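Trainee:
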Amino acid sequence: MNAARSGFRSGFAALVGRPNVGKSTLLNALVGEKLSIVTPRPQTTRHRIVGILDLPQAQIAFVDTPGLHSEARRALNKAMNRTATTALADADLSALVVEPLKWTPEDELTLATLARSGRPALAAVNKIDRVRRRVRLLPYLAELARRHDFRAIVPVSALRGENLEELRQTIAAQLPESPPLYPRGELTDRSEGFRLAELIREKLTLELNQEVPYGIAVEVERVAEEGEQLAVDAAIWVDRQGHKPIVIGAHGARLKRVGRAARLAVNELLGRRVHLTLWVKVRENWADNAHALRQLGVE
Ligand SMILES: Nc1nc2c(ncn2[C@@H]2O[C@H](COP(=O)(O)OP(=O)(O)OP(=O)(O)O)[C@@H](O)[C@H]2O)c(=O)[nH]1
Ligand SMILES: [Mg+2]
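Residues 1 to 299 in my numbering are what the sequence shown spells out, letter by letter.
1. Roughly how many angstroms separate the alpha carbons of A3 and R160, rounded to a whole number?
2. Return yes when the C-beta of K23 is under 6 Å from any heavy atom of ligand 1, and no when it is not.
3. Taking the beta strand (DSSP E) that S10 falls in, what are its first and last residues?
4. Give the range of the beta strand (DSSP E) segment to which K203 is assigned.
5. Can at least three beta-carbon pairs, one atom from the stretch 48 to 63 and one from the stretch 97 to 111, be found at a separation below 8 Å?
6. Starting from K189, trace the alpha helix (DSSP H) in both directions and tell me its first and last residue.
7. Are there 16 or more other CB atoms within 10 angstroms of the CB of Q174, so buried, or fewer, so exposed?
8. Alpha carbon to alpha carbon, what distance is there between H251 and A61?
9. DSSP beta-bridge partners for D64?
10. I want to check one thing, is the minimum distance from the CB of L111 to the heavy atoms of ligand 1 below 6 Å?
11. Only counting the same chain, and skipping five residues up and downstream in sequence, which positions put a Cβ closer than 7 Å to that of A79?
12. Could you check the C-alpha separation between R263 and A91 for me, to the nearest Å?
13. Note down the Cα distance separating A121 from R73, rounded to an integer number of angstroms.
14. What number of angstroms, rounded off, separates the C-alpha of L76 from the C-alpha of T85?
15. Relative to the C-alpha of L109, which candidate in L296, A265, V16, I216 has its C-alpha closest?
16. Using only the alpha-carbon positions, how far apart do E211 and G242 sit?
17. Would you say I200 and A235 are within 7 Å of each other, going by their C-beta atoms?
18. Give a yes or no on whether the C-beta atoms belonging to L138 and V131 are separated by under 7 Å.
19. Could you have a look at T104 and say whether DSSP puts it in helix, strand or coil?
20. At which residues does the alpha helix (DSSP H) containing E143 begin and terminate?
21. Drop a sphere of 10 angstroms on the beta-carbon of Q169, count the other beta-carbons inside from all chains shown, and report buried for 16 or more, exposed for fewer.
22. Skipping 5 residues on each side, what residues in its chain have a beta carbon closer than 7 Å to that of P42?
23. Pick from L206, Q229, K23, T25: whose alpha carbon is nearest that of H275?
24. Per DSSP, what kind of secondary structure is A84 in: helix, strand or coil?
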C-alpha cells in the first residue's frame, strides 16, 4: 500500500509553552498513558519525551517539552530551554499550550520562539475546567487569534479529558502525508530506566514541595532479578550538602514515604513487584555544571 497516496498522515507535534500550563498532563491524556511526570511545581519536565498515538488514518508523535522560561542562568535551565527550542524547531507542527485568561511574559517568550521556528502552529487553551462561565473565554480566544496566525485554536481540559478528541483530530489533519514514523503500537521513545527514574523524581518533588529548589536528579544505578522480585537501586542526586538531610527527613521518614510512593508507581508501570532502594548522594552544584548534566542524562 502506498501510504502517501492513501492519505495517511504522520509527524511530530510538539507541545510547547511556559512552565506549568499542563503540557505533560496533556501529553499523557492525548496518548492515554502516563509517560511524562506531572507536579504542581513549574519546571518539572526536563527532557523531550515522545508519546505516540495510532489513529486509523494517522500516527501522531506528540512531543512533550520543558516549559520555556526566562531567568535561565543555571546550566540546567539553559539546557531545558535549549531542549524545548530544538524540539520545536524539529517538529512538523507545534501546539502552543496556554492557560485561559492568562498571558505572561513567558507566554510571549514561547510565542516568539515558536514564530521564529517558522513551523505551522496551533494553540491549545488548557485548563478550561477552571473557567466557570465559558463565554468568558471568547475575548481571550479572539486575542490569541490576533497574536499569531494559528491554524486552529482548541480549548481543552487535559485533567477532565474535555475536547481532547477534537485536538487529536485537528493536529492529525495538519500533519504531512507520510507513512507512520514509528512501528504501529509503539508508545514512546523513552526507556524503562528513564521512566523509573522520572517516577521517583515525581514522587520526590511532590513530597518535597518547595523545600529543595530544583536541584534534584534521579539516576537508576542497578536493575537486577532477585528471585521473584526485580531489584532497583536509584541515586537521588542533590546539589548541596545541606539538602541531603532535608530529602532524608527526620529518622529517614521522608525518604521512606518517597520510596513507598515510587515503588507503587513502579510496580504499576512494570506490572510486577519491585524492591526499590534509594540512596541520597551529593554532587555539589551539578545543576550548574554542563558535564554533570550530561552524566545525569539531562542533555
Ligand atoms: N485544573 C486543571 N489543572 C490542570 C490541567 N492540566 C494540568 N493541570 C495541573 O497543572 C499543573 C502542572 O501540570 P503539568 O502537566 O506538570 O504542566 P507542564 O506544562 O508540563 O509543566 P512543566 O513541565 O513544569 O513545564 C499540575 O498540577 C496539573 O495537575 C487541567 O486541564 N485543568
Ligand atoms: Mg511538564
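Yeah, the Cβ is synthetic: ideal placement off N, Cα and C, and Gly gets one too. Only a predicted model underlies this, so the values are computations on that prediction, with no experimental measurement involved.
Mentor: In short, the structure shows the following:
1. Reliability of the predicted coordinates at A3 is poor, the pLDDT of 47 falling under 50, and the value obtained from them is presented with this limitation in mind. Roughly 34 Å between the two C-alpha positions.
2. yes
3. 9 to 16
4. Where K203 is concerned, there is no enclosing beta strand (DSSP E), although the alpha helix (DSSP H) it sits in stretches over 192 to 208.
5. no
6. Note that residue 189 is Asp in the sequence shown here, rather than Lys. Segment: none, D189 is in no alpha helix (DSSP H) and carries neither H nor E.
7. buried
8. 45 Å
9. L15, I49
10. no
11. L293, V298, E299
12. 34 Å
13. 28 Å
14. 14 Å
15. V16
16. 11 Å
17. no
18. no
19. coil
20. 137 to 147
21. exposed
22. P19, N20, G67
23. Q229
24. helix
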